[in-house]
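A.B. asks:
Protein chains in written order, with the numbering used here: chain A, 41 to 295; chain B, 4 to 17.
1) Enumerate in chain order the residues of its own chain whose CB-to-CB distance from residue 131/A is below 6 Å, with the five nearest sequence positions on each side excluded.
2) Out of 282/A, 295/A, 291/A, which has the shortest C-alpha to C-alpha gap to residue 90/A?
3) As a quick exercise: from 107/A, 78/A, 118/A, pick the residue whose alpha carbon is nearest that of residue 154/A.
4) When DSSP labels each residue in this structure, what does residue 186/A get in the three-state scheme?
5) Entirely within the stretch 193-235 of chain A and at least 3 residues each: give me those beta strand (DSSP E) ranges in chain order.
6) Using CA atoms only, rank isn't needed, just tell me which of 292/A, 50/A, 79/A is closest to residue 120/A.
7) Residue 293/A touches chain B at which residues, Cβ-Cβ below 8 Å?
8) Could you tell me whether the stretch 177-187 of chain A touches the stretch 230-243 of chain A, where touching means 3 or more Cβ pairs closer than 8 Å?
9) Once you ignore the five residues that flank residue 137/A on each side, which residues in its own chain have a CB closer than 6 Å to its CB?
10) May I ask you to report which of helix, strand or coil DSSP gives residue 54/A?
11) Per DSSP, residue 288/A forms a beta bridge with which residues?
12) Looking only at its own chain, which residues have a Cβ that is under 8 Å from the Cβ of residue 187/A, when we skip the five neighbours before and after it?
13) Check the Cβ-Cβ distances between residue 4/A and every residue of chain B, and say whether any is below 8 Å.
14) Going by DSSP, what residues sit across from residue 157/A in a beta bridge?
15) Looking only at DSSP bridge pairs, what is residue 238/A linked to?
16) May I ask you to list, following chain order, the residues of the stretch 276-290 of chain A that have a beta carbon less than 8 Å from some beta carbon of chain C?
17) In chain order, what residues of the stretch 70-98 of chain A put their CB closer than 8 Å to some CB of chain B?
18) I'd like to know whether the C-beta of residue 245/A is nearer than 8 Å to at least one C-beta of chain B.
19) Taking a contact to mean a Cβ-Cβ separation below 8 Å, would you say residue 261/A touches residue 280/A in this structure?
20) State yes or no: is the C-beta of residue 191/A within less than 8 Å of the C-beta of residue 87/A?
21) Classify residue 283/A as helix, strand or coil using the three-state DSSP reduction.
22) Could you spell out the range, first to last residue, of the alpha helix (DSSP H) harbouring residue 64/A?
23) Which residues bound the beta strand (DSSP E) around residue 113/A?
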């Protein structure tokens, strides 16, 4: 038996909204420690890694580790029915064929229960080595989201350069070229604050289309942490009370 | 123009 009660159901709605355009069918791994998933997008350019810690749920029970194959598209449809103030219970019997979702209103005035049919999915787990990154950028998630969105109007590729003092977002397209540079600072305003932890300068290119999809997670966390090393996928990390959502994106490399 | 890499260029199957 697996059962998890989440008092703040909105966070689960936001998580699924943040991944549904990247991955459509995924295996959730449930253990006594956590609910987790790792899934690539169809073109194998981006990877989603989600961990929700058991200890952060109001109630959590998992007698036996289990893999739950879920259609994210269909889960998103059901979660649309849950109110923003609702609590959500996730429940599955051992060797389950359905995932039961229960949405309960704040004053217990209304309860919705749905059984989502589970899928048997091939898992394509990637081994991601623990590694030290050359540069780490911590900044406002909404500011990063705005920069990516604005630069998408110029072209499809973002050139990201980080040195010890600043981070530069540069683009070059048919209409011209441009860049936005932000200096490391410890402003009280969360929008302006930028923390750099850089051992070596890095300059890399990434597809803005994917970064814009990742930035849907800015509703989960005020900050985003970008980890970069030359010629390896960048990591965007959004941390929140319940756990963390990380996105990996393969770089574009000059042939 | 730079080429888009895929994740398997960097990470092996677990």
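Where a beta carbon is used, it is the ideal one built from N, C-alpha and C, also for glycine. Predicted model only: the values in this text are computed from it and were never measured.
C.D. replies: From the atom records:
1) In the first chain, the residue the question calls residue 131/A occupies position 91. Around residue 131/A: 43, 140.
2) Reading the first chain from its first residue, position 50 is the one you call residue 90/A. For the residues 282/A, 295/A, 291/A, the minimum Cα distance to residue 90/A belongs to 282/A.
3) Numbered from 1 along the first chain, position 114 holds the residue referred to as residue 154/A. Each of 107/A, 78/A, 118/A was checked against the Cα of residue 154/A, and the nearest Cα belongs to 118/A.
4) Taking the first chain and counting its residues from 1, the one referred to as residue 186/A is at position 146. Here residue 186/A sits in helix by DSSP.
5) The qualifying runs are 197-202, 206-213, 216-223.
6) By 1-based counting over the first chain, the position of residue 120/A is 80. Residue 50/A is the option with its Cα nearest to residue 120/A.
7) Within the first chain, the letter at position 253 stands for residue 293/A. Simply 5, 6, 8.
8) Touching, yes.
9) Locating residue 137/A in the first chain gives position 97, where the first residue counts as 1. Counting only residues of its own chain and dropping the five nearest sequence neighbours on each side, residue 137/A has a CB closer than 6 Å to the CB of 158.
10) As a working note, residue 54/A is residue 14 in the first chain. In this structure, residue 54/A counts as helix in the three-state DSSP scheme.
11) For this step, residue 288/A is matched to residue 248 along the first chain. Answer is 87/A, 275/A, bridged to residue 288/A.
12) On the first chain, position 147 is the one that residue 187/A refers to. For residue 187/A, the CB contacts under 8 Å within the same chain, skipping 5 residues up- and downstream, are 209, 220 in chain order.
13) This structure leaves residue 4/A out entirely; chain A is present only between 41 and 295.
14) Start at 1 with the first residue of the first chain, and residue 157/A comes out as number 117. Here residue 157/A is bridged, per DSSP, to 138/A.
15) Taking the first chain and counting its residues from 1, the one referred to as residue 238/A is at position 198. Residue 238/A pairs with 175/A.
16) Annotation note: the requested chain C is absent from the structure, which comprises protein chains A and B.
17) Taking 8 Å as the Cβ-Cβ cut-off against chain B, the residues of the stretch 70-98 of chain A that qualify are 80, 83, 84, 85, 86, 87.
18) Here residue 245/A refers to the residue found at position 205 of the first chain. Yes, residue 245/A lies at the interface with chain B (some Cβ there is under 8 Å from its Cβ).
19) Taking the first residue of the first chain as 1, we reach residue 261/A at position 221. Taking the first residue of the first chain as 1, we reach residue 280/A at position 240. Yes, Cβ-Cβ distance for residue 261/A and residue 280/A is below 8 Å.
20) Residue mapping note: residue 191/A aligns to position 151 of the first chain, counting from 1. Residue mapping note: residue 87/A aligns to position 47 of the first chain, counting from 1. Contact: no.
21) Looking up residue 283/A in the first chain gives position 243. It is a strand residue.
22) Counted from its first residue, the first chain places residue 64/A at position 24. Note, residue 64/A: premise wrong, no alpha helix (DSSP H); not H, not E.
23) By 1-based counting over the first chain, the position of residue 113/A is 73. Premise fails: residue 113/A lies in the alpha helix (DSSP H), 112-121, not in any beta strand (DSSP E).
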